[in-house]
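Numbering (our numbering), first residue to last: 15 to 286.
Just below is one structure, and these are the notes that go with it.
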């Protein structure tokens, strides 16, 4: 049973990475998507996504309570992946903005149910698994910011469709590979002191999170314009932002893993 739990945990973390890839996969293609529209139009792409995610975050908890955490986050992964796949068939920037809103709605259904599923599966400490959860997000972001290499080979429309198709295929596979579908209990009182404190913590981190998302979304565009290269040629330099964050998340797990616990530590970096 422990082995099955470990395999399911690995699948959820892979889902998390591919889910993160859907967040940033349009970043290398932003210049091509916006085309001759005014520059401010590019700001509507991340804005629509974040707005959708904000609207569906609490809905995600309710869906998980009704349908189960596994089904809830896989529905979210399917929606965000389908939205990105459909971007390949968009007729203009307005279509893309609408699809980013849809993608955000799917993203909001993923986050908390997938985190709950990881805690339910157990296997290692809660702090360690949340560190891995965040690390998987940065890994997916790095993959997406380098997706311009794929766009350069096949074009940004087929490249985006491929990324969306990967997410949809993974959601279907995960439905088979992840056993168990726990239903978290509904919070009884969202207005009590505990929930107000949680809200304050969320508000405190909103600016940093928004800045990080905006930074990742516009990094390929900035690199392409400042270097005078096409957006696909500038893509390899974008991955370092996410790799740095990935390293920080990996190090943050050190206090909860032992030297011989899963996953193995590299020989040059063991917790003390």
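Quick reminder that beta carbons are idealized off the backbone N, C-alpha and C, glycines included.
Predicted model only: the values in this text are computed from it and were never measured.
Residue i classed as buried or exposed, judged by whether at least 16 other C-beta atoms fall within 10 angstroms
{"i": "residue 168", "result": "exposed"}
{"i": "residue 265", "result": "Model confidence at residue 265 stands at a pLDDT of 43, short of 50, so the residue's coordinates are unreliable and nothing is read from them."}
{"i": "residue 186", "result": "exposed"}
{"i": "residue 181", "result": "buried"}
{"i": "residue 117", "result": "buried"}
{"i": "residue 50", "result": "exposed"}
{"i": "residue 30", "result": "buried"}
{"i": "residue 146", "result": "buried"}
{"i": "residue 128", "result": "buried"}
{"i": "residue 214", "result": "exposed"}
{"i": "residue 225", "result": "exposed"}
Residue j beta carbon less than 7 Å from that of residue i
{"i": "residue 126", "j": "residue 74", "result": "yes"}
{"i": "residue 81", "j": "residue 100", "result": "no"}
{"i": "residue 93", "j": "residue 53", "result": "no"}
{"i": "residue 48", "j": "residue 191", "result": "no"}
{"i": "residue 170", "j": "residue 46", "result": "yes"}
{"i": "residue 32", "j": "residue 184", "result": "yes"}
{"i": "residue 55", "j": "residue 107", "result": "yes"}
{"i": "residue 135", "j": "residue 22", "result": "yes"}
{"i": "residue 102", "j": "residue 175", "result": "yes"}
Beta-carbon contacts of residue i that lie in its chain and below 7 Å, excluding the five residues immediately before and after
{"i": "residue 140", "result": "133"}
{"i": "residue 227", "result": "60, 64"}
{"i": "residue 95", "result": "36, 178, 181, 182, 185"}
{"i": "residue 210", "result": "none"}
{"i": "residue 85", "result": "195"}
Beta-carbon separation (whole angstroms), residue i vs residue j, contact threshold 8 Å
{"i": "residue 79", "j": "residue 198", "result": "6 Å"}
{"i": "residue 98", "j": "residue 177", "result": "6 Å"}
{"i": "residue 124", "j": "residue 154", "result": "That belief does not hold up - the Cβ atoms of residue 124 and residue 154 are roughly 12 Å apart, past 8 Å."}
{"i": "residue 88", "j": "residue 188", "result": "6 Å"}
{"i": "residue 59", "j": "residue 138", "result": "Not confirmed; about 37 Å, so no contact."}
{"i": "residue 131", "j": "residue 83", "result": "4 Å"}
Assigned secondary structure, residue i (DSSP; H/G/I helix, E/B strand, else coil)
{"i": "residue 252", "result": "Its pLDDT being 45, under 50, residue 252 is placed unreliably by the model, and the measurement read from it follows with that caveat. Residue state, collapsed to three classes: helix."}
{"i": "residue 58", "result": "helix"}
{"i": "residue 42", "result": "helix"}
{"i": "residue 28", "result": "helix"}
{"i": "residue 192", "result": "coil"}
{"i": "residue 126", "result": "helix"}
{"i": "residue 228", "result": "helix"}
{"i": "residue 73", "result": "helix"}
{"i": "residue 103", "result": "coil"}
{"i": "residue 258", "result": "Confidence is the limiting factor: at residue 258 the pLDDT is only 44, short of 50, which leaves the residue's position unreliable and the question unanswerable from this model."}
{"i": "residue 93", "result": "helix"}
{"i": "residue 154", "result": "helix"}
{"i": "residue 169", "result": "coil"}
{"i": "residue 82", "result": "coil"}
{"i": "residue 291", "result": "Outside the shown range of the chain (15 to 286) lies residue 291, about which nothing can therefore be said."}
{"i": "residue 210", "result": "helix"}
{"i": "residue 37", "result": "helix"}
{"i": "residue 5", "result": "Shown here, the chain extends from 15 to 286; a query on residue 5 therefore has no answer."}
{"i": "residue 138", "result": "coil"}
{"i": "residue 160", "result": "coil"}
{"i": "residue 265", "result": "Only weak support is given to the placement of residue 265: the predicted model assigns it a pLDDT of 43, under 50, and the value that follows is read from those uncertain coordinates. The answer is helix: DSSP assigns residue 265 an H, G or I state."}
{"i": "residue 148", "result": "helix"}
{"i": "residue 200", "result": "coil"}
Chain-order list of residues whose beta-carbon lies under 6 Å from that of residue i (same chain, five-residue window excluded)
{"i": "residue 194", "result": "none"}
{"i": "residue 16", "result": "Since pLDDT at residue 16 reaches only 47, below the 50 mark, its modelled position is unreliable, and the value read off the structure follows with that caveat. So no residue of the chain qualifies."}
{"i": "residue 161", "result": "39, 42"}
{"i": "residue 164", "result": "173"}
{"i": "residue 196", "result": "83, 134"}
{"i": "residue 200", "result": "79"}
{"i": "residue 157", "result": "35"}
{"i": "residue 104", "result": "110"}
Same chain, Cβ closer than 8 Å to residue i, neighbours up to 5 away in sequence not counted
{"i": "residue 71", "result": "122, 125, 126"}
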